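Numbered by my numbering, the letters in the sequence shown go through residues 2 to 464 in order. Idealized CB from N, CA, C, for every residue including glycine. These figures come from a predicted structure and were not determined experimentally.
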Amino acid sequence: MSPAPRRMLVVGVLFTIILLITTAHYITSPDPSTGKLGKLASKVGDRVQELLHTGGSSATDDTPELLKNETSTTSETTSETPTSTSTEISRETSPPEVEADEPVVKQPPVKEVPAATAESEKGNDKVGQFLHVRPSAPLPKDAGIKGCEYPLVIHVTPDVHCTGALALYGSIVRNVLRQPEELMNKTCVHFTYVEENLKTIEGMYKWPAYPNPFTHVADCAALDTKPELNDVVPVRWQALPPIEKPRIMEARLKTWLAALNKVHSWGFDAYPRILILDADSIIITDIHKIFQDTSMEYTIAGAADQFFNCNDRARINGGMILLKPSRYFHISATELLYDPGASCISGKWEQSEQELLNCICGFNTNRALSPEFRCTVLPLHDSVWPKNYGCSGANVFPMRSIHFTAAPKPWLVKEEQLDLRFDTGFWHCVRDASRAGDATALEKCEVPDAEVTRKVVMGEHYV
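1) For the stretch 394-447, list the beta strand (DSSP E) runs that are entirely contained and at least 3 residues long, ordered along the chain.
2) In chain order, what residues of the same chain lie with their CB nearer than 8 Å to the CB of Gln-293, ignoring the 5 residues before and after it?
3) How is the alpha helix (DSSP H) around Gly-171 delimited, first residue to last?
4) What residue does the alpha helix (DSSP H) around Thr-286 start on, and which one ends it?
5) Quick check: Ile-249 and Leu-169, are their CB atoms within less than 9 Å of each other?
6) What does a CB cutoff of less than 7 Å around Pro-235 pick up in its chain, not counting 5 residues either side in sequence?
7) Locate the beta strand (DSSP E) running through Phe-192, then write down its first and last residues.
8) Whose C-beta lies closer than 7 Å to the C-beta of Ala-434 among residues of the same chain, with five residues either side of it excluded?
9) Which residues mark the beginning and the end of the alpha helix (DSSP H) in which Cys-360 is found?
10) State the start and end residues of the unbroken alpha helix (DSSP H) segment that holds Asn-318.
11) Among Met-205, Lys-388, Gln-352 and Phe-398, which residue has its Cα nearest to the Cα of Lys-456?
12) Residues in the same chain with beta-carbon distance under 6 Å from Gln-307, minus the five sequence neighbours each way, listed in chain order, please.
13) Leaving out the 5 sequence neighbours to the left and right, which residues in its chain are closer than 7 Å to Val-177 when beta-carbon positions are compared?
14) Hey, Trp-257 and Ser-384 are a contact pair by Cβ (cut 8 Å); roughly how many whole angstroms apart?
15) Looking only at its own chain, which residues have a Cβ that is under 8 Å from the Cβ of Phe-374, when we skip the five neighbours before and after it?
16) Reducing DSSP to helix, strand and coil, say where Trp-238 ends up.
17) Does Gln-239 pass the burial test, meaning 16 or more other C-beta atoms within 10 Å, or should it be called exposed?
18) Quick check on the burial criterion: 16 or more other C-beta atoms within 10 angstroms. Buried or exposed for His-162?
19) Measure the alpha-carbon distance for Val-174 versus Asn-125 and round it to whole angstroms.
20) Mind checking Met-297: buried by the 16 CB within 10 Å criterion, or exposed?
21) Going straight from the alpha carbon of Trp-428 to that of Ala-451, what length do you get?
22) Where Ile-317 and Leu-241 are concerned, what is the direct C-alpha to C-alpha distance, given to the nearest angstrom?
23) Pair every Cβ in the stretch 272-282 with every Cβ in the stretch 318-327, then say whether three or more of these pairs are closer than 8 Å.
24) Contact check, Ile-285 vs Ser-402 under 8 Å by CB: the rounded distance?
25) Over the uninterrupted beta strand (DSSP E) stretch that includes Thr-377, give me the two end residues.
26) For Pro-247, report the span of its beta strand (DSSP E) as first-last.
27) Are the beta-carbon atoms of Val-378 and Ala-304 separated by less than 9 Å?
28) If you count every other CB in all the chains shown that lies within 10 Å of the CB of Asn-310, and 16 or more means buried, which is it?
29) Using only CA atoms, which one of Glu-182, Val-157, Ser-266 and Thr-454 lies nearest to Asp-287?
30) To the nearest angstrom, how far is it from the Cα of Pro-372 to the Cα of Glu-336?
31) Mind checking whether Leu-338 and Val-264 have CB atoms under 9 Å apart?
32) Please go through the same chain and pick out, in chain order, the residues whose beta-carbon is closer than 8 Å to the beta-carbon of Leu-230, but skip the five residues on each side of it.
33) Within the same chain, show all residues whose beta-carbon is closer than 6 Å to that of Val-448, passing over the 5 residues directly before and after it, in chain order.
34) For Leu-381, which residues in the same chain have their Cβ closer than 6 Å to its Cβ, ignoring the five residues on either side in sequence?
35) Please report the distance separating the alpha-carbon of Ala-271 from that of Pro-141.
36) Is the separation between the beta-carbon of Phe-269 and that of Leu-224 shorter than 9 Å?
Structure, rendered in structure tokens:
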């Protein structure tokens with residue numbers, strides 16, 4: 002090769018190198034007027050790709066696809082892991098973007114519902130329409146006393162029934178102390194009473210705790226002022242509105258007219274089931290078994306009435322009712338009171354709520370008024386009357402309670418004669434220990450075994 006072509010080749014190579022250096026400098030240097038990177042056009046094979054770096058006020062997105070993907074990934078990562086508090090505050094406080102054409106939804110005004118009154122809850126005289134109670138949700142099942150699996154309900158009036166209620170409460174405490182594994186922290190008592198100032202069923206359905214209304218009666222005042230007992234079995238007072246006497250009602254006894262108010266306690270739905278006891282009853286043992294031995298399928302499980310003889314157990318007695326309470330059952334039962342044709346035994350609700358229960362269930366009658374509510378009779382040993390201690394059916398298992406009905410009430414027996422019989426003697430022991438608030442003395446109250454109790458006959462030692 003001659004020197005001239007060689008020089009031209011060297012010059013060409015140098016020119017190419019200078020061109021490449023200049024181009025690289027142009028690419029990496031910012032535009033002094035904008036501070037932005039420049040523009041590079043490159044040819045790859047037969048295809049030309051134009052890479053435009055952001056700059057100026059162009060409205061088009063010229064970001065390369067790869068950069069878009071990287072930016073998107075970075076953006077997602079940043080949003081998931083905030084790097085500054087100010088970003089979070091900005092995100093929380095910035096108002097949401099609303100499209101211009103998006104219609105504004107106006108919320109309807111909240112309609113104020115007037116409080117129920119006795120007048121507003123009054124229906125008409127048509128059968129099944131005597132009440133006009135607005136629908137409401139059932140009470141939450143945790144609204145009762147915490148942990149209580151065996152709730153007992155006792156209706157109290159400010160008279161001698163305070164003494165009966167105190168003795169009954171003491172016997173419940175004794176049972177818990179004697180069977181702590183089965184009953185401790187699982188048993189509670191709710192005392193119900195008629196509150197004249199409570200005018201509506203709707204107000205009753207809230208079931209708030211009330212203060213003791215009968216502190217002026219010593220034995221009632223003792224029901225919730227004996228810490229040694231109340232710590233074993235907690236208590237709470239629940240108010241019932243006065244129930245309107247049905248026009249057809251002619252109660253056989255004055256106390257049975259007052260007992261009609263107990264119907265309202267059938268709506269006490271703070272628990273799946275409640276055991277309703279009369280104040281002339283007394284618990285001996287196995288409260289838990291009364292609940293456990295009875296299927297949940299029954300709305301009503303009542304003690305046998307056992308009025309005439311050992312085998313007379315075709316009806317239920319209101320002295321012990323294991324009930325599945327609900328507002329529906331309560332309203333349905335209450336409506337029956339005002340149906341002139343519903344009193345299926347006496348035609349005039351002579352036996353108060355006890356007759357209502359039997360008519361609902363169809364016991365001792367041709368048909369059940371409300372067959373949707375399933376019923377059963379409890380075993381005889383769950384609640385035994387003094388006249389029936391000797392019944393074979395009452396002695397297969399230990400007696401769980403005594404109901405002083407069709408017999409003198411213990412508070413009417415002369416004080417010096419209470420200990421002449423095991424039943425009134427036991428009642429005497431738990432009454433006095435309860436008055437003293439003495440749990441140790443309560444636990445020591447004894448009931449003899451069946452070989453002794455079954456020999457005690459009605460009328461013996463009673464005056």
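On the basis of the coordinates in this document:
1) 402-404
2) Numbered from its first residue, the sequence shown carries residue 293 at position 292. Excluding residues within five positions, none has a Cβ falling inside 8 Å.
3) Sequence index remark: in the sequence shown, residue 171 carries index 170 (1-based). That run of the alpha helix (DSSP H) goes 162-179.
4) Within the sequence shown, the letter at position 285 stands for residue 286. Counting along the chain, Thr-286 falls outside any alpha helix (DSSP H), and DSSP gives it neither H nor E.
5) Here residue 249 is taken as the residue at index 248 of the sequence shown, counted from 1. Here residue 169 is taken as the residue at index 168 of the sequence shown, counted from 1. Not in contact: Ile-249 and Leu-169 (Cβ atoms no closer than 9 Å).
6) In the sequence shown, residue 235 corresponds to position 234, counting from 1. Correct list, in chain order: Ile-146 and Cys-189.
7) Position 191 of the sequence shown, counted from the start, is the residue given in the question as residue 192. Residues 188-195.
8) For the purposes of this step, residue 434 is taken as residue 433 along the sequence shown, with counting starting at 1. Excluding residues within five positions, the ones whose Cβ falls inside 7 Å are Gly-171, Ala-442, Leu-443 and Cys-446.
9) Position 359 of the sequence shown, counted from the first residue, corresponds to residue 360. Cys-360 -> alpha helix (DSSP H) spans 353-362.
10) Counting from one through the sequence shown, the residue named residue 318 turns up at place 317. Here Asn-318 belongs to no alpha helix (DSSP H); instead the beta strand (DSSP E) covers 317-324.
11) The sequence position of residue 456 within the sequence shown is 455, counting from 1. Of the candidates Met-205, Lys-388, Gln-352 and Phe-398, the one whose C-alpha sits nearest the C-alpha of Lys-456 is Lys-388.
12) As a first step, residue 307 is located in the sequence shown; it is residue number 306 there, counting from the start. For Gln-307, where only same-chain residues beyond five positions count, the Cβ hits under 6 Å are Asp-313, Arg-314, Trp-386 and Asn-389.
13) As a working note, residue 177 is residue 176 in the sequence shown. Closer than 7 Å at the Cβ level, and outside the excluded window around Val-177, lie Leu-184, Met-185, Thr-188, Val-233 and Val-234.
14) By one-based count along the sequence shown, residue 257 stands at place 256. By one-based count along the sequence shown, residue 384 stands at place 383. Trp-257 to Ser-384, Cβ: 18 Å. No contact.
15) Position 373 of the sequence shown, counted from the first residue, corresponds to residue 374. Cβ within range, chain order: Thr-300, Ile-301, Phe-330, Ser-333, Ile-361 and Cys-362.
16) The sequence position of residue 238 within the sequence shown is 237, counting from 1. Here Trp-238 sits in strand by DSSP.
17) Working through the sequence shown from its first residue, we reach residue 239 at position 238. When all chains shown are included, Gln-239 counts as buried.
18) Along the sequence shown, one-based indexing puts residue 162 at 161. His-162 comes out buried.
19) Position 173 of the sequence shown, counted from the first residue, corresponds to residue 174. Position 124 of the sequence shown, counted from the first residue, corresponds to residue 125. When rounded, the distance between both Cα atoms is 45 Å.
20) For the purposes of this step, residue 297 is taken as the residue at position 296 of the sequence shown. Its Cβ having fewer than 16 others within 10 Å, Met-297 is exposed.
21) Numbered from 1 along the sequence shown, position 427 holds the residue referred to as residue 428. Numbered from 1 along the sequence shown, position 450 holds the residue referred to as residue 451. In a straight line, the C-alpha of Trp-428 is about 17 Å away from that of Ala-451.
22) The count along the sequence shown starts at 1 and reaches residue 317 at position 316. The count along the sequence shown starts at 1 and reaches residue 241 at position 240. Whole-angstrom Cα-Cα distance: 24 Å.
23) yes
24) As a position in the sequence shown, residue 285 is number 284, starting the count at 1. As a position in the sequence shown, residue 402 is number 401, starting the count at 1. Contact holds; Cβ gap of about 6 Å.
25) Reading the sequence shown from its first residue, position 376 is the one you call residue 377. Start and end: 376-378.
26) Residue numbering aside, residue 247 sits at position 246 when the sequence shown is read from its first letter. Here Pro-247 belongs to no beta strand (DSSP E), and DSSP marks it neither H nor E.
27) Working through the sequence shown from its first residue, we reach residue 378 at position 377. Working through the sequence shown from its first residue, we reach residue 304 at position 303. Cβ atoms of Val-378 and Ala-304: closer than 9 Å.
28) Taking the first residue of the sequence shown as position 1, residue 310 is located at position 309. With fewer than 16 other Cβ atoms within 10 Å, it is exposed.
29) The residue labelled residue 287 in the question sits at position 286 within the sequence shown. The candidate whose alpha carbon is nearest that of Asp-287 is Glu-182.
30) Reading the sequence shown from its first residue, position 371 is the one you call residue 372. Reading the sequence shown from its first residue, position 335 is the one you call residue 336. If you take the alpha carbons of Pro-372 and Glu-336, they lie about 15 Å apart.
31) Here residue 338 refers to the residue found at position 337 when the sequence shown is read from its first residue. Here residue 264 refers to the residue found at position 263 when the sequence shown is read from its first residue. In contact: Leu-338 and Val-264 (Cβ atoms closer than 9 Å).
32) To locate residue 230, count along the sequence shown from 1; it is residue 229. Excluding sequence neighbours, Leu-230 sits near Tyr-170, Gly-171, Val-174, Ser-435, Gly-438, Ala-440 and Leu-443.
33) Along the sequence shown, read from residue 1 onward, the residue named residue 448 stands at position 447. Taken in chain order, the residues that qualify are Ile-285 and Phe-427.
34) Here residue 381 refers to the residue found at position 380 of the sequence shown. Cβ neighbours of Leu-381 beyond the five flanking positions: Ala-305, Gly-394 and Ala-395.
35) Taking the first residue of the sequence shown as position 1, residue 271 is located at position 270. Taking the first residue of the sequence shown as position 1, residue 141 is located at position 140. In a straight line, the C-alpha of Ala-271 is about 6 Å away from that of Pro-141.
36) As a working note, residue 269 is residue 268 in the sequence shown. As a working note, residue 224 is residue 223 in the sequence shown. No. Outside cutoff.
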